[in-house]
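**Student:**
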Amino acid sequence: MSRFDRRSFLIAATAALAAPRLWARPAFAAYPFSLGIASGAPLPDGIVLWTRLAPDPLNGGGLPPAAIEVRWEVARDAGFRDIVRHGRALAEPRYAHSVHVEVEGLAPARWYWYRFMAGDAVSAAGRTRTAPPGGATADRLRFAFASCQQYEQGYYAAHRHMAAENLDLVVFLGDYIYESSWGSRHVRKHEAPEPVTLEQYRNRYARYKSDADLQRCHAAFPWLVTWDDHEVDNDYANDRSEDLDPNFLVRRAAAYQAYWEHMPLRKQSLPAGPRMRLYGRYDFGGLARFHVLDGRQYRDHQACPRFGRGGSNVVDDLNCPERLGTQRTLLGTAQENWLYAGLAASRARWNIIAQQLLMAQTVRKPGPERKFWSDGWDGYPAARTRLLQAIAGQRPANPLVIGGDVHFNCVSDLRVDFDDTQSPAVATEFCGTSISSQGQSQARLDALRAENPHVRFANGEKRGYVVMDLAARRCLAELRVIDSEKAADSPISTLASFVVEDGHPGAEAA
Ligand code: FE
Ligand code: CA
1302 MSRFDRRSFL IAATAALAAP RLWARPAFAA YPFSLGIASG APLPDGIVLW TRLAPDPLNG
1362 GGLPPAAIEV RWEVARDAGF RDIVRHGRAL AEPRYAHSVH VEVEGLAPAR WYWYRFMAGD
1422 AVSAAGRTRT APPGGATADR LRFAFASCQQ YEQGYYAAHR HMAAENLDLV VFLGDYIYES
1482 SWGSRHVRKH EAPEPVTLEQ YRNRYARYKS DADLQRCHAA FPWLVTWDDH EVDNDYANDR
1542 SEDLDPNFLV RRAAAYQAYW EHMPLRKQSL PAGPRMRLYG RYDFGGLARF HVLDGRQYRD
1602 HQACPRFGRG GSNVVDDLNC PERLGTQRTL LGTAQENWLY AGLAASRARW NIIAQQLLMA
1662 QTVRKPGPER KFWSDGWDGY PAARTRLLQA IAGQRPANPL VIGGDVHFNC VSDLRVDFDD
1722 TQSPAVATEF CGTSISSQGQ SQARLDALRA ENPHVRFANG EKRGYVVMDL AARRCLAELR
1782 VIDSEKAADS PISTLASFVV EDGHPGAEAA
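When we follow our numbering, the leftmost residue of the sequence shown carries the number 1302, and every step to the right adds one.
#1: Would you mind giving the Cβ-Cβ distance between Ala1437 and Pro1327, rounded to the nearest angstrom? I have them listed as a contact below 8 Å.
#2: Please state if the CB of Gln1739 and the CB of Gly1484 are separated by a distance shorter than 7 Å.
#3: Cα-Cα, which of Gln1450, Gln1628 and Gln1603 is closest to Val1616?
#4: Output yes or no for whether 7 Å exceeds the beta carbon distance between Trp1678 and Leu1658.
#5: Per the contact definition of three or more C-beta pairs closer than 8 Å, is the stretch 1622 to 1641 in contact with the stretch 1685 to 1703?
#6: If you follow the beta strand (DSSP E) that Ile1783 is in, where does it begin and where does it stop?
#7: For Lys1550, which residues of its own chain have a beta-carbon under 7 Å away from its beta-carbon, when the five flanking residues on both sides are left out?
#8: Going by DSSP, what residue range makes up the beta strand (DSSP E) through Asp1678?
#9: Given 6 Å as the limit, tell me if Asp1378 has its C-beta closer than that to any heavy atom belonging to ligand 2.
#10: Under the assumption that His1592 contacts Leu1640 (Cβ atoms under 8 Å), give the Cβ distance between them as a whole number of angstroms.
#11: Using the Cα positions of Arg1508 and Pro1358, report the straight-line distance between them to the nearest angstrom.
#12: Counting only runs of 4+ residues fully inside the stretch 1715 to 1758, write out the alpha helix (DSSP H) ranges in chain order.
#13: Are the C-beta atoms of Gly1804 and some chain B residue less than 7 Å apart?
#14: Reducing DSSP to helix, strand and coil, say where Ser1794 ends up.
#15: Mind checking whether the beta-carbon of Asp1544 lies closer than 6 Å to any heavy atom of ligand 2?
#16: Check this for me: beta carbons of Ala1744 and Arg1750, under 7 Å apart or not?
#17: Could you name the residues of the same chain whose beta carbon sits closer than 6 Å to that of His1563, not counting the 5 residues immediately before and after it, in chain order?
#18: Ends of the alpha helix (DSSP H) at Leu1499?
#19: Applying the 10 Å Cβ sphere with the 16-neighbour rule, what's the burial state of Asp1595?
#20: Comparing the CB of Gly1481 with every heavy atom of ligand 1, is any distance shorter than 6 Å?
#21: Which of helix, strand or coil does DSSP assign to Val1526?
#22: What residues sit near ligand 1, counting only those whose C-beta is closer than 5 Å to one of its heavy atoms, in chain order?
#23: Report all residues from its chain with a CB closer than 7 Å to the CB of Val1404; omit the five preceding and five following residues, and keep chain order.
#24: Closest to Ala1379 by CA distance: which of Ala1397, Val1400 and Ala1426 is it?
#25: Is Asp1714 buried or exposed, if buried means 16 or more other CB atoms sit within 10 Å of its CB?
#26: Count the other C-beta atoms from every protein chain shown that fall within 10 angstroms of the C-beta of Asp1469, then say buried if there are 16 or more, exposed otherwise.
#27: Does the distance from the C-beta atom of Leu1323 to that of Ala1355 stay below 7 Å?
#28: Shortest alpha-carbon distance to Val1768 belongs to which of Phe1446, Gly1361 and Leu1407?
#29: Taking only runs that begin and end inside the stretch 1597 to 1670, name each unbroken alpha helix (DSSP H) of 4 or more residues, in chain order.
#30: According to DSSP, what are the bridge partners of Glu1403?
#31: Beta-carbon within less than 6 Å of Asp1514's beta-carbon, same chain only, minus the 5 sequence neighbours each way: which residues are those?
#32: Thr1527 and Leu1579: beta carbons closer than 7 Å?
#33: Taking the runs of the alpha helix (DSSP H) that are 4 residues or longer, which of them lie wholly in the stretch 1514 to 1586?
#34: Could you compute how far the alpha carbon of Asp1706 sits from the alpha carbon of Ser1448?
#35: Taking only heavy atoms of ligand 4 into account, decide whether any of them is closer than 6 Å to the Cβ of Asp1790.
#36: Go ahead and label Asp1584 buried or exposed: buried means 16 or more other beta carbons lie within 10 angstroms of its beta carbon, across all protein chains shown.
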């Protein structure tokens, strides 16, 4: 439709449908499942199924302000001959005609196929998997984790390869969209200004989710998701934006709502204004517990920002003692206590702390005026010490920290005191590279490694994801990388592999 046609259609539709709240016999101007499908938040007996009706996805969706009935089916087979659950859900205009179905009554640890229907349109079929039953000693869990997919800087070849891996689950650790246009050598464009309003954020998600490789990866596995800063605004901290926007919480509310609308999340996560409960625990039998964290919404502001600004800075302890404040929090008190309780009560063999940042201390410049980047865990050292002390004291089995944000692969031993090189590792960290966002110079990362002996490996040359293969006795981590994010058909390879043995924190080259 031309812009004029679409406008007249919307006006006509609005007038015609102002009275009835339901568009009973929808006739779509274009295919409505343009943004694909997804599933997530797996339980032993249930799963969340997601889609959004959007015949004109990049321009607000292209639907009248009326609810539309969507049918859904869950089958035991890819051909949908053995349908075990089916039902109807309403795609409501107030949630951008997104659908979040919380399917119950499924069998544990098995594959299902699902699809949606609206009017005469049928979605692609997706495949998903329930979690193993509680306490069961599942012998294996394979998942991939990923983050940081700036759309302009690269294609999603990594998603296409991830979709072809043998996995049970994908964990996405933030920067699913980028609000800003930045970086060099763009291969495609956002074609829109930085989002501020709800409709602008919806259009940005639509731009990203229109990518066929991203859709393929959602359709292949259930996902667990958390966010970082770019889902809202670069370097935001709680209620403070990078440029000290006085209306920032209004913007945050719009961004959080658009996030919920586009992710396979439960209704319990539905935001109330600028607040949204995203952190949560997910158990995979007796083998793994995922503690999924939110490191943005509740944090203290970054220490010592540049004059007249919020956000990150590179700071030293002489000029910025504020960074060392013992009360400083990254997770907020409620989430911190929730995390410690979940670690203490966990019976799982592997405890995966799934969060958005690099946790290991990384001194940027050595010497008495050593420098730290204030937006990551290095900006909140007392909070990090509390967490690592809680791990050391409660001894949950095999803590693994996974993260993103920094756009390089980084494998580290986590110590309560990073400056005591003789102290034991209490947890193992795998921080993944980006899906497409540009990396950092290898010379700089080599220098960083030299200054930080607990960092075992740091490579920022390649984009990709990490595959984690968990068994009772060991975890195998494979750093999977594409040749180039600038080529949509880029091949995949393994950059390095590491093993963590049961009961022995710290990664060894495999
Ligand atoms: Fe990023
Ligand atoms: Ca980030």
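Glycine is no exception: its CB is placed at the ideal position from the N, C-alpha and C atoms.
**Tutor:** Straight from the coordinates:
#1: Not confirmed; about 43 Å, so no contact.
#2: yes
#3: Gln1603
#4: yes
#5: yes
#6: Arg1775 to Ile1783
#7: The sequence as given places Leu at residue 1550; Lys does not occur at that position. These residues qualify, in order along the chain: Asp1540 and Pro1575.
#8: Sequence inspection shows Trp at residue 1678; the Asp mentioned does not correspond to that position. Trp1678 -> no beta strand (DSSP E), and no H or E assigned at all.
#9: no
#10: 6 Å
#11: 8 Å
#12: 1743 to 1752
#13: The question asks about chain B, but that chain is absent: this structure has only one protein chain.
#14: strand
#15: no
#16: no
#17: Tyr1506
#18: Leu1499 to Lys1510
#19: buried
#20: As written in the sequence, residue 1481 is Ser, which differs from the Gly given in the question. Because no heavy atom of ligand 1 lies under 6 Å away, the Cβ of Ser1481 does not count as near it: no.
#21: strand
#22: Cys1449, Asp1476 and Ser1738
#23: Gly1347, Ile1348, Leu1350, Val1375 and Arg1386
#24: Ala1426
#25: buried
#26: buried
#27: no
#28: Phe1446
#29: 1634 to 1646
#30: Val1349
#31: Tyr1457, His1460 and Arg1461
#32: yes
#33: 1549 to 1563
#34: 7 Å
#35: Ligand 4 is not part of the structure shown, which contains ligand 1 and ligand 2 as its ligands.
#36: buried
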